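Chains B and D supply the protein sequences, listed in that same order.
Residues 220 to 461 (our numbering) make up the first sequence, in order.
Residues 175 to 278 (our numbering) make up the second sequence, in order.
We put the CB at the ideal spot given by N, CA and C, even for glycine.
None of these values were measured; they are calculated from a predicted model.
The structure under discussion appears below in the form of structure tokens.
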Amino acid sequence: MQTDAVGRAWREGVSVVVATSAYGLSFGALSIASGLDLWQTMVLSLLMFSGGSQFAFIGVIAAGGGIAGVASAGMLGLRNALYGMSMRRVVQPRPMLMPLAAHVTIDESTAVALAQSQPKAQRIGFWVTGVGIFVGWNLATLAGALLGDLLGDPKQWGLDAAAAAAFVGLLWPRLKARQAIAVAAASAALAAALLPVAPSGTPVILAAVVGVVVGLTNWFGPKHESDLADPGGPEHREGQHA
Amino acid sequence: MTLWHLILLASIAVLAIKLLGYAVPPRLFDQPRPRRTLELLTVSLLAGLVAVQTLGGGEGIVLDARIPAVLVAAGLFAVRAPFIVAVAAAAAVAALLRQFAGFS
């Protein structure tokens with residue numbers, strides 16, 4: 220029984236590693252298109268290592284925003300703290316390994332760990348997925364950045380549209396509940412309305428007020444809470460990964 | 175601030191937030207309201223980024239090949255296409271519309 224569960228954790232972890240690492244390619248290419256050089260791109264994947272925050276940062280930088288890019292990346296990274304709180308109990312890393320565990324605590328490693336039924340399988344799922352994506356994501360980023368250097372004008376290749384599509388992909392698994400859909404629609408509309416009037420990078424941050432207000436007041440919310448900390452929604456558990 | 179400063183600042187902030195998750199007492203966020211607020215903050219930021227990346231440009235809103243490209247990607251995500259496939263399709267749609275259909 221135990222070996223079955225452990226084997227499943229390995230298989231799920233590896234499949235998520237392959238799928239997720241692949242889109243490190245698009246991050247590398249888009250980062251170069253946003254005006255970052257190879258080393259700057261690699262520092263983001265090595266040190267920041269959180270897909271949503273990385274895409275947000277280069278997106279805002281490309282639009283001419285400065286410190287707003289830092290704020291966007293930071294706010295998108297807040298959910299990792301929530302994952303860390305539950306992973307600390309699930310993974311129980313030794314003190315020496317704690318910083319490494321924290322660094323690889325992202326949507327995917329949390330989702331794979333939580334999808335396992337036994338404590339040992341949960342730990343294996345977490346480490347296989349987290350460390351595997353760290354290695355794969357960085358290799359793919361490097362390949363994408365080298366490719367991006369060769370491409371020239373990013374618009375000619377539709378890379379600006381790819382950046383927008385990447386955010387659609389990160390958002391999609393979170394749009395299960397009516398409340399989330401309402402928040403997404405209102406935030407997108409507000410950000411678009413602010414585009415002509417607000418300084419570069421700030422429409423996204425101002426639109427985020429919608430999420431905070433609805434979160435605190437629970438407008439459009441369900442009467443009974445389900446587990447809202449489920450990273451990326453049930454799709455992660457069915458082997459379909461963003 | 176140079177681009178390098180921004181990159182290091184943002185990277186260290188995101189890393190510090192991860193470490194914080196392992197350091198704070200779990201009870202702090204183990205309630206529906208903070209959990210819901212963090213989740214909806216994420217939804218809100220991502221939706222705002224979709225809008226800005228699809229429509230933003232120059233001085234305000236620019237309508238161009240990104241719109242049909244993003245619609246194609248959304249359709250692909252709706253039928254559970256892999257991330258990289260949908261993103262590549264969006265790039266291809268925009269590139270082809272610009273090359274052959276006179277889109278900007």
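Looking at the unbroken alpha helix (DSSP H) that takes in residue i, where does it start and where does it end?
i	result
ALA332 (chain B)	326 to 334
GLU213 (chain D)	206 to 229
PHE386 (chain B)	378 to 390
PRO318 (chain B)	317 to 322
ASN357 (chain B)	338 to 370
THR176 (chain D)	Element bounds for THR176 (chain D): n/a, residue is neither H nor E.
GLY278 (chain B)	270 to 281
Would you mind working out which of the options sits nearest residue i, comparing C-alpha positions?
i	options	result
MET267 (chain B)	B:ALA252, B:GLY440, B:ALA427, B:LEU297	B:LEU297
PRO312 (chain B)	B:GLY284, B:ILE343, B:GLY283	B:ILE343
THR421 (chain B)	B:VAL289, B:ASN437, B:ARG230, B:SER269	B:VAL289
VAL262 (chain B)	D:PHE274, D:ALA266, D:LEU177	D:LEU177
LEU316 (chain B)	B:VAL350, B:TRP391, B:GLU327	B:VAL350
GLY440 (chain B)	D:LEU194, D:ILE191, D:PRO206, D:LEU220	D:PRO206
ILE235 (chain D)	B:GLY430, B:ALA411, B:VAL429	B:ALA411
PHE210 (chain B)	B:ALA399, B:GLY226, B:TYR242, B:ALA404	With chain B running from 220 to 461 in the structure shown, residue 210 (chain B) is simply not present.
Does DSSP put residue i in a helix, a strand or coil?
i	result
GLY430 (chain B)	helix
GLY234 (chain D)	strand
VAL246 (chain D)	helix
HIS460 (chain B)	With a pLDDT of 38 at HIS460 (chain B), under the threshold of 50, the modelled position of that residue is not reliable, and the figure given next carries that caveat. If DSSP states are grouped into helix, strand and coil, HIS460 (chain B) belongs with coil.
GLY253 (chain D)	According to the sequence as given, residue 253 (chain D) is Val; it is not Gly. Three-state result, VAL253 (chain D): coil.
VAL416 (chain B)	coil
ASN299 (chain B)	helix
ASP256 (chain B)	coil
TYR196 (chain D)	helix
TRP438 (chain B)	coil
ALA239 (chain D)	coil
PHE277 (chain D)	coil
GLY232 (chain B)	helix
LEU394 (chain B)	coil
SER245 (chain B)	helix
GLN375 (chain B)	helix
Run through chain D and tell me which residues come within less than 8 Å of residue i, C-beta to C-beta.
i	result
ALA330 (chain B)	In chain order: nothing, as chain D lies at least about 14 Å away.
GLN337 (chain B)	Under the 8 Å cutoff, chain D gives no residues; its nearest Cβ is about 21 Å from GLN337 (chain B).
GLY288 (chain B)	LEU180, ALA184
Find the residues of chain B that neighbour residue i, judging by a C-beta separation of less than 9 Å, and give them in chain order.
i	result
GLY234 (chain D)	LEU414, PRO415, VAL416
VAL253 (chain D)	Going along chain B, no residue has its Cβ under 9 Å from VAL253 (chain D), so there is no contact; the nearest lies around 11 Å.
Run through chain D and tell me which residues come within less than 9 Å of residue i, C-beta to C-beta.
i	result
ARG230 (chain B)	None at all; the shortest Cβ gap to chain D is about 17 Å.
Quick one: which chain D residues come within Cβ less than 7 Å of residue i?
i	result
GLY387 (chain B)	The identity of residue 387 (chain B) in the sequence shown is Val, whereas the question assumes Gly. The answer, in chain order, is VAL224, VAL244, ALA247, ALA248, PHE251.
LEU297 (chain B)	ILE191, LEU212, LEU215
So with CB distances below 7 Å, who are the chain B contacts of residue i?
i	result
ALA265 (chain D)	TRP376, GLY377, LEU378, ALA380, ALA381
GLY230 (chain D)	ALA282, LEU414
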